[in-house]
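K.L.:
There are 2 protein chains.
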Amino acid sequence: MKSKITLKELAKLLNVSVSTVSKALHDSPEISPKTAERVKELAKLHNYRPNPVAVNLKRSKTGTIGVVIPNISNSFFARVLSGIEAQAQEQNQQVITYISNESLEREKQICDMLTSGLVDGVLIAIAEETHKKKEYDHLFSLVDYDIPLVIYDRINVEIPADKVGVDDEQSFYDATNYFLERGIKNIGIASAIHHVGIGKLRIKGYEKALSSENEQQMACSTDPALLRSKIHNLIANNKVEALLCTDFESTILATRIAYEEKIKVPEQLKLIGYISKEIAEYLTPSISYIEQHPVEIGSTAMQLLNNRLEGKYAPEQFKESIIATSLMHLESTKF
Amino acid sequence: MKSKITLKELAKLLNVSVSTVSKALHDSPEISPKTAERVKELAKLHNYRPNPVAVNLKRSKTGTIGVVIPNISNSFFARVLSGIEAQAQEQNQQVITYISNESLEREKQICDMLTSGLVDGVLIAIAEETHKKKEYDHLFSLVDYDIPLVIYDRINVEIPADKVGVDDEQSFYDATNYFLERGIKNIGIASAIHHVGIGKLRIKGYEKALSSENEQQMACSTDPALLRSKIHNLIANNKVEALLCTDFESTILATRIAYEEKIKVPEQLKLIGYISKEIAEYLTPSISYIEQHPVEIGSTAMQLLNNRLEGKYAPEQFKESIIATSLMHLESTKF
DNA sequence: CTGAAAGCGCTTACAG
DNA sequence: CTGAAAGCGCTTACAG
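If you're matching them up, the sequences are chains A and B in order. When we follow our numbering, the leftmost residue of the first sequence carries the number 1, and every step to the right adds one. When we follow our numbering, the leftmost residue of the second sequence carries the number 1001, and every step to the right adds one.
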């Protein structure tokens, strides 16, 4: 039961003032080497550690940053968090985690807490519901309160904040080209998110890569049953030799339909999905995927925030950092 | 740019003392209704929020708890975290997340930080490396510093702390019986963790359920190549009709070998794995699994910690809470 | 009913 | 070189 020792207690034991102890521990040149020595020795003996709450109060900061995550079961976000955490450790920041569960309501509550001075800055991936309803007032209120804000992953929104995202269009442009270069002409798209920003961008990349002689083949729907029948139509009738899936749902649906219909992947159908490494690797066959480098997204976001906190950027002028994706080849794109 | 207003500023604007403002906002009976009214009105107007750092310093607490997670990409832990977070919100606690990456070294660093007074209590799942090396000093030092500690998930360790775990033995006892009751006699085990606590318990459950007439068939190894060949031997040669896998690695290996050898699951081989819902559902075929209810583990752990913090439990007397598992049937156990 | 004072544990400009 | 004082923003026992 070593109970924590304070500066005051240390001072009493040493018969010096609190200020002297504090300065000695901070290697202030004001203090004589002899005193400094004595102080440090006793501090070490008692394993003195400054009370972080007191230090923070004095410094008028919290030493913590808030991270808002829409859905932690999504391993993309889990890995973003790990990138944030690693970077935060290096900068000696504590990470407070909030999970919005993709709910606007919850996100509002969280932002409300956050404006009360719990954290020095905020990293957020905006909930889907929020994007759908385009209700961003709670985020603007963070800005109003001068809480530095970095938006990651879903950055297609007009909020004055630093942003870290992914080049969605380029990723699908590259993926489409990968097939074209190998002589595959019938390339299809499956999407459950064709109506939202990132979905549109991915599809745009696909369209750009196709030349006029290649027919566009799309299976898009937000309705699972409808999407299933559209994908089924595309792949069971041999309309496409390769399928690009813009999201988790369509990827899983495609692999499942192939499995059920005994369509051999990659022999009869090549597949690229937008899913996390964790899932992609363990499917049978494993599914080639577009790696978004979530850990890097997280650490970049954290670095941006820290530079912002340290005043390294001009105020009212925001950074946008785009992390390049990589096409990761597993079994489903074997030639 | 609403900058935060303080009690002092509020007091000045109202021409009353800081103490009066503070009391009014806390509905102290000492304050006249009229004054209380005035104070609250102005506070609301300026959207006054007490500075949490100052409040915490005054209360000698931090208002935060630390959560140590071995590996956030493992969706089991991600979901535990979400259970913790949800419960913490209800109790108005902030959750600071630390990721040990299964590293003893990192875990030590984290515990060292944690003893400096950053948090009121700690929830930890101990890293694998730590368990392997049986080095628990850093955890004992948390106890020494009187920081309430709850150990979750990997609780087979002699540390004086509250614990929340899973009934590993029972889960496999039930799973084995599930097959026995349906007339399956040749039931095998695959394990990459047969040498560690939870692995042993699971295997023990299996052994208990088997009667003397049932032969034990085990494929156990920590070496992936060896484990693969052992599992292969078990399932490719029809030695078992059902296979129980004690962990993620053996489950994935078993599904993959079945896929490669074109062994039909569940027709020729039934499988039960110890993997997370997120993965189990998306495999083809989907794999029946033992659900450990991670969200509940998290919220239970958080509740235990909070009761401990509130002094609801006798000191030196520790709670151990076991969350029952459920056998979730997906395609791989269809009869 | 109101306010001055002490104190949570620290840091730092200032006086001596 | 050392220490008293002020202050970070709050709460609360106490005096009036």
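Note that beta-carbon positions come from the ideal geometry of N, C-alpha and C, so glycine has one too. Note that the structure is predicted; figures quoted are calculated from it, not measured.
Report buried or exposed for residue 335 of chain A, applying the criterion of at least 16 other Cβ atoms within 10 angstroms of its Cβ.
P.N.:
Exposed: under 16 other Cβ atoms inside 10 Å.
K.L.:
Comparing C-alpha positions only, which one of B/1059, B/1094 and B/1103 sits nearest to residue 984 of chain B?
P.N.:
There is simply no residue 984 of chain B to check, as chain B begins at 1001 and stops at 1335 in what is shown.
K.L.:
Name the chain B residues whose beta carbon is nearer than 8 angstroms to that of residue 117 of chain A?
P.N.:
1004, 1049, 1051, 1052 and 1053
K.L.:
Just to confirm the assignment: which complete alpha helix (DSSP H) runs, minimum length 4, are found wholly within the stretch 177-224 of chain A?
P.N.:
197-209
K.L.:
Please compile the residues from chain B whose C-beta is within a distance smaller than 9 angstroms of the C-beta of residue 62 of chain A.
P.N.:
1052 and 1053
K.L.:
Using 10 angstroms around the beta-carbon of residue 276 of chain A, count the other beta-carbons present and answer buried if the total reaches 16, otherwise exposed.
P.N.:
Classification of residue 276 of chain A: buried, given that the 10 Å Cβ count is 16 or more.
K.L.:
Nearest-angstrom Cα distance between residue 139 of chain A and residue 159 of chain A?
P.N.:
If I take the Cα positions, the gap works out to 8 angstroms.
K.L.:
Could you check what DSSP says for residue 264 of chain A in three-state terms: helix, strand or coil?
P.N.:
coil
K.L.:
Using a C-beta cutoff of 8 angstroms, does residue 1078 of chain B count as contacting chain A?
P.N.:
yes
K.L.:
Check each residue of the stretch 268-290 of chain A: if its Cβ is closer than 8 angstroms to any Cβ of chain B, include it; give the result in chain order.
P.N.:
278, 279, 282, 283, 284 and 285
K.L.:
Quick check: the stretch 284-294 of chain A against the stretch 309-326 of chain A, are there 3 or more CB pairs under 8 angstroms?
P.N.:
yes
K.L.:
Helix or strand or just coil, what does DSSP make of residue 95 of chain A?
P.N.:
strand
K.L.:
Residue 1333 of chain B by DSSP, collapsed to three states: which one?
P.N.:
helix
K.L.:
8 angstroms is my cut-off, CB to CB: does residue 1094 of chain B come that close to chain A?
P.N.:
yes
K.L.:
Do residue 189 of chain A and residue 217 of chain A have their C-beta atoms within less than 8 angstroms of each other?
P.N.:
yes
K.L.:
If you run the structure through DSSP and keep just helix, strand and coil, what is residue 1064 of chain B?
P.N.:
strand
K.L.:
Per DSSP, what kind of secondary structure is residue 1001 of chain B in: helix, strand or coil?
P.N.:
Because the pLDDT at residue 1001 of chain B is just 48, under 50, the model does not fix this residue reliably, and the point stays unresolved.
K.L.:
Is it true that the stretch 297-314 of chain A meets the stretch 255-271 of chain A, where meeting means three or more beta-carbon pairs spaced less than 8 angstroms apart?
P.N.:
The stretch 297-314 of chain A vs the stretch 255-271 of chain A: no contact.
K.L.:
With a threshold of 8 angstroms, are at least 3 pairs of Cβ atoms found where one atom belongs to the stretch 40-56 of chain A and the other to the stretch 4-18 of chain A?
P.N.:
yes
K.L.:
For a contact meaning CB atoms closer than 7 angstroms, what does residue 1152 of chain B contact in chain A?
P.N.:
Under the 7 angstroms cutoff, chain A gives no residues; its nearest Cβ is about 16 angstroms from residue 1152 of chain B.
K.L.:
Can you tell me the Cα-Cα spacing of residue 250 of chain A and residue 1065 of chain B, whole angstroms?
P.N.:
Each residue's Cα considered, the two are about 39 angstroms apart.
K.L.:
Going along the chain, which unbroken runs of the alpha helix (DSSP H) with 4 or more residues stay wholly within the stretch 1124-1151 of chain B?
P.N.:
1128-1133 and 1137-1144
K.L.:
If contact means a Cβ-Cβ distance below 7 angstroms, which residues of the stretch 247-268 of chain A contact chain B?
P.N.:
Going along the stretch 247-268 of chain A in chain order, one finds 252, 255, 256 and 259 with a Cβ nearer than 7 angstroms to chain B.
K.L.:
If the cut is a Cβ gap below 9 angstroms, which residues of chain B does residue 136 of chain A touch?
P.N.:
Per Cβ cutoff of 9 angstroms: no residues; residue 136 of chain A is ~17 angstroms from chain B at best.
K.L.:
Taking DSSP as the reference, what is the three-state secondary structure of residue 271 of chain A?
P.N.:
strand
K.L.:
In terms of alpha-carbon separation, which member of A/87, A/114 and A/271 lies closest to residue 1094 of chain B?
P.N.:
Selection A/87, A/114 and A/271 evaluated against residue 1094 of chain B yields A/114 as nearest (Cα-Cα).
K.L.:
Identify the contact partners of residue 99 of chain A in chain B, using a Cβ-Cβ distance below 7 angstroms as the criterion.
P.N.:
1082 and 1085
K.L.:
In chain B, which residues lie with their C-beta within 8 angstroms of the C-beta of residue 75 of chain A?
P.N.:
1073, 1075, 1078 and 1278
K.L.:
Within 10 angstroms of the Cβ of residue 1087 of chain B, are there 16 or more other Cβ atoms? Answer buried if so, exposed if not.
P.N.:
Under a 10 Å Cβ-count criterion, residue 1087 of chain B is classified as buried, with 16 or more other Cβ atoms of the shown protein chains found around its own Cβ.
K.L.:
Report yes or no: do three or more beta-carbon pairs, one from the stretch 106-121 of chain A and one from the stretch 165-185 of chain A, lie closer than 8 angstroms?
P.N.:
The stretch 106-121 of chain A makes no contact with the stretch 165-185 of chain A; the number of CB pairs closer than 8 angstroms stays below 3.
K.L.:
Could you give the first and the last residue of the continuous alpha helix (DSSP H) run that contains residue 23 of chain A?
P.N.:
Note, residue 23 of chain A: alpha helix (DSSP H), 18-25.
K.L.:
Compute the distance between the beta-carbons of residue 52 of chain A and residue 1118 of chain B, then report whether it is under 8 angstroms.
P.N.:
Contact flag set, yes.
K.L.:
For residue 1331 of chain B and residue 1281 of chain B, what's the separation of their Cα atoms in angstroms?
P.N.:
9 angstroms
K.L.:
So which residues on chain B does residue 306 of chain A lean against when the C-beta distance must stay under 7 angstroms?
P.N.:
Near residue 306 of chain A there are no residues of chain B at all, since even the closest Cβ is about 17 angstroms away, more than 7 angstroms.
K.L.:
Ordered along the chain, which non-local residues of its own chain (more than five positions away) have a Cβ less than 6 angstroms from that of residue 1004 of chain B?
P.N.:
none
K.L.:
I'd like the list of long-range same chain contacts for residue 233 of chain A, defined as Cβ closer than 8 angstroms, with 5 residues on each side in sequence excluded.
P.N.:
219 and 239
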